[in-house]
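**Q**
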Amino acid sequence: MASISNAFSLSLPSNRITNSSSDFNPITSALSLRVNKPAKVSLFGSDSGEFSPGRVAVSKPSGIGGRICANATRVMDRPVGEKSSGAPTIVEVDLGNRSYPIYIGSGLLDQPELLQKHVHGKKVIVVTNTTIAPLYLDKVVEALTKGNPAVSVEYVILPDGEKFKDMDTLMKVFDKAIESRLDRRCTFVALGGGVIGDMCGFAAASFLRGVNFIQIPTTVMAQ
Numbered sequence: 001m002a003s004i005s006n007a008f009s010l011s012l013p014s015n016r017i018t019n020s021s022s023d024f025n026p027i028t029s030a031l032s033l034r035v036n037k038p039a040k041v042s043l044f045g046s047d048s049g050e051f052s053p054g055r056v057a058v059s060k061p062s063g064i065g066g067r068i069c070a071n072a073t074r075v076m077d078r079p080v081g082e083k084s085s086g087a088p089t090i091v092e093v094d095l096g097n098r099s100y101p102i103y104i105g106s107g108l109l110d111q112p113e114l115l116q117k118h119v120h121g122k123k124v125i126v127v128t129n130t131t132i133a134p135l136y137l138d139k140v141v142e143a144l145t146k147g148n149p150a151v152s153v154e155y156v157i158l159p160d161g162e163k164f165k166d167m168d169t170l171m172k173v174f175d176k177a178i179e180s181r182l183d184r185r186c187t188f189v190a191l192g193g194g195v196i197g198d199m200c201g202f203a204a205a206s207f208l209r210g211v212n213f214i215q216i217p218t219t220v221m222a223q
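Be aware that the sequence shown starts at 1, since it is given in UniProt numbering, and climbs by one per residue.
1) For Val127 and Leu191, which I take to be in contact (beta-carbon distance under 8 Å), what is that distance rounded to the nearest angstrom?
2) CB-CB under 6 Å to Glu92, same chain, minus the five flanking residues each way: which ones, in chain order?
3) If you draw a straight line from the C-alpha of residue 224 to the C-alpha of Leu135, how long is it?
4) Using a Cβ-Cβ cut-off of 7 Å (strictly less than) and excluding sequence neighbours within five positions of Ala143, which residues of its own chain qualify?
5) Excluding sequence positions up to five away, which residues of its chain have a Cβ less than 7 Å from the Cβ of Val119?
6) Taking the alpha carbon of Glu154 as the point to measure from, which residue in Arg184, Ala204, Glu179 and Ile132 has its own alpha carbon closest?
7) Quick check on the DSSP output: what are the complete alpha helix (DSSP H) runs of length 4 or more inside the UniProt domain "3-dehydroquinate synthase N-terminal" (156-223), in order along the chain?
8) Find out if the Cβ-Cβ distance for the pair Met199, Lys165 is shorter than 8 Å.
9) Please report how far the alpha carbon of Leu170 lies from the alpha carbon of Asp94, in whole angstroms.
10) Comparing C-alpha positions only, which one of Lys163, Val141 and Ile157 sits nearest to Phe174?
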């Protein structure tokens, strides 16, 4: 992952994971959120009766060897579809001044304050793809703006698939950011799997020498 001055990650994994992103047909089931400091927070949640995210591994910044791993246990036992309003479990990943928390819980997009407190400035761009946008884009935009009218949200929808992980596709993110007149106080939000996370993360690390970054993974690999 590229080094970014600030990052936050939120994940909506599916009950069905395949090796091909084009075959992936996600359904609302779980949520994970991460923010880096320079800015990373992670948060996991689920709408299923059981959720066991297992182990979350985080690479240390360059220059520091090894990996940091945290084990997460099941955090809920409730009927499918029942919303939870409880506070999420927080796991701290200690990396000195680059430390970040991992939030674990359910119904996280129904708690917009969790997302909003990690947004920098008043301009946000959400980067997603044609598969994920119809499922989660409106929900994420609502979570970013609910009770927060000062924040404006732009979005760019990229084609889905590993074959689109190239400079031509990446330039669509930069073009939208420039067109939207984003400044260094803006926030990039990645909503999708590994390709979207990589593309948006690189764009956030490069745009104006690095801006705030929030990741909302929709696959296990993206987490």
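Each residue gets a CB set at the ideal place from its N, CA and C atoms; glycine is no exception.
Just so we're clear, the structure is a prediction, and the values are computed from it rather than from any experiment.
**A** Reading off the structure:
1) As a working mapping, residue 127 is identified with position 127 in the sequence shown. As a working mapping, residue 191 is identified with position 191 in the sequence shown. Right, the Cβ-Cβ distance comes to about 7 Å (below 8 Å), so this counts as a contact.
2) Numbered from 1 along the sequence shown, position 92 holds the residue referred to as residue 92. Pro101.
3) Here the chain covers residues 1 to 223 and nothing more, so residue 224 does not appear.
4) Within the sequence shown, the letter at position 143 stands for residue 143. Leu109, Pro112 and Leu115, listed in sequence order.
5) Taking the first residue of the sequence shown as 1, we reach residue 119 at position 119. Excluding positions up to five away in sequence, the list reads Leu144, Val151 and Thr187.
6) Within the sequence shown, the letter at position 154 stands for residue 154. Ranking Arg184, Ala204, Glu179 and Ile132 by Cα distance to Glu154 puts Glu179 first.
7) 167-179 and 194-206
8) What you label residue 199 is simply residue 199 of the sequence shown in a count that begins at 1. What you label residue 165 is simply residue 165 of the sequence shown in a count that begins at 1. Cβ atoms of Met199 and Lys165: closer than 8 Å.
9) Locating residue 170 in the sequence shown gives position 170, where the first residue counts as 1. Locating residue 94 in the sequence shown gives position 94, where the first residue counts as 1. If I take the Cα positions, the gap works out to 32 Å.
10) Counting from one through the sequence shown, the residue named residue 174 turns up at place 174. Closest option to Phe174, Cα to Cα, is Ile157.
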